[in-house]
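Using this note's numbering, read the sequence shown as starting at 2 and increasing by one per residue.
One structure is given here, and the rest of the page talks about it.
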Amino acid sequence: MDITSIVGIGGLFSLIAVAIATGQVSSVFLNAHGFLVVLGGAFVAMMINTPLALALDAAKSLVVLFRGRVGIDAQYVVPLLITASQNVHARGINALGGLDQKVAGGFLARAAQVAMEFKDPKYVQEVLESEIKREFEYHNEIVNFYRTLSILFPMFGLIGTLLGIVDVLKQISNPEQVGPAMAVAITSAFYGISLANLFATPVAGKLRLKFLEEYMAKAVIIEGVIEILKGTVPVLVERRMEAYLPALPQKV
């Protein structure tokens with residue numbers, strides 16, 4: 002589990018709960034009209050802007066926010082590649098067949114299968130690099146989905162505010178109604194800015210880092226498998242793979 006995502010979301014709901022409990026959130030903030038304009042407008046705009054399949058994948062990708070690093074980072078992948086190199090050196094290329102199916106979303110096993118089928122390092126590298134490149138580009142589109150939302154939410158918040166100001170102008174002859182009507186109008190902008198900065202932008206940033214981390218782990222897997230295919234001795238494979246591990250602090 003990704004503890005920072007859990008802490009962030011928990012902190013957000015805690016702040017809201019405290020604000021309500023202490024009476025700092027008045028009923029004027031509960032503006033159904035503004036909420037409908039912001040959420041409904043952004044939803045309709047995204048349906049026009051984005052294919053349905055991508056929108057559904059973007060919604061499903063929210064699960065990635067809570068995914069831990071096990072199985073998709075170099076510290077986990079590199080030891081597996083070193084062990085695989087030693088096994089292949091001792092028993093032949095078919096020793097790659099027993100690799101964990103869950104590592105990097107199954108990509109380690111996939112890379113091993115391609116290596117065993119084709120055995121040509123150059124061709125195997127082209128196939129696998131093309132695969133992760135297409136996947137990374139698609140993941141970037143998912144990130145862009147939330148980046149677009151971060152732009153649309155404030156814009157529709159402004160639209161809601163403008164619509165509310167029209168109602169304010171209708172009440173201009175009644176000074177007692179102008180203040181409450183203006184407060185309701187401003188809440189639309191509040192909703193838009195809040196959704197952009199507390200949801201869309203943080204989600205886009207975290208997904209970008211998660212997808213980049215996954216891409217880098219798969220790039221390490223490709224390099225390791227290619228070195229194994231080339232017949233590089235295990236000790237050299239180990240030295241090459243250790244370059245991807247974080248440097249240990251030196252003792253003073």
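Don't be surprised by glycine CBs; every beta carbon is placed ideally from N, CA and C.
Just so you know, the alpha carbons of residue 61 and residue 138 end up roughly 17 Å apart. When rounded, the separation of the alpha-carbon atoms in residue 125 and residue 208 is 28 Å.
Counting every other CB atom within 10 Å of its CB across the protein chains shown gives residue 239 a total of 16 or more, marking it as buried. Cα atoms of residue 132 and residue 220: separation of roughly 11 Å, rounded to the nearest angstrom. For residue 116, the uninterrupted alpha helix (DSSP H) run begins and ends at 108-119, by DSSP. Taking a C-beta distance under 7 Å as the contact criterion, residue 42 and residue 188 do not qualify as a contact pair.
Note on geometry: alpha-carbon atoms of residue 116 and residue 55 lie some 31 Å from one another. Between residue 82 and residue 226, the alpha-carbon positions lie close to 7 Å from each other. Each of 113, 197, 144, 201 was checked against the Cα of residue 230, and the nearest Cα belongs to 113.
The Cβ atoms of residue 169 and residue 186 lie closer than 7 Å to each other. Taking C-alpha positions only, residue 123 is separated from residue 244 by approximately 22 Å. At the C-beta level, residue 242 and residue 79 come within 7 Å of one another. By the beta-carbon neighbour count (other beta carbons within 10 angstroms, threshold 16), residue 95 is exposed.
With contacts defined by Cβ atoms closer than 7 Å, residue 15 and residue 66 do not form a contacting pair.
In this structure, residue 223 lies away from residue 109, with their beta-carbon atoms at least 7 Å apart. Taking a C-beta distance under 7 Å as the contact criterion, residue 85 and residue 246 do not qualify as a contact pair.
Annotation: the continuous alpha helix (DSSP H) that includes residue 164 extends over 122-171. Three or more Cβ pairs drawn from the region 191-210 and the region 150-158 lie within less than 8 Å of each other, which places the two stretches in contact. Within the same chain, Cβ atoms closer than 8 Å to the Cβ of residue 159 are found at 189, 190, 193, the five residues on either side in sequence being excluded. Straight across, the Cα-Cα distance linking residue 45 with residue 51 is about 10 Å.
With distances taken between CA atoms, residue 237 lies nearest to 90 out of 142, 90, 77, 63. Minimum Cα-Cα distance from residue 143 among the listed residues 53, 4, 23 corresponds to 53. Residues 96 of the same chain have their beta carbon placed closer than 6 Å to that of residue 88, with the five preceding and five following residues left out of the count. The straight-line gap separating the alpha-carbon atoms of residue 215 and residue 99 is approximately 22 Å. The alpha carbon of residue 147 has as its nearest neighbour, out of 206, 212, 8, the alpha carbon of 206.
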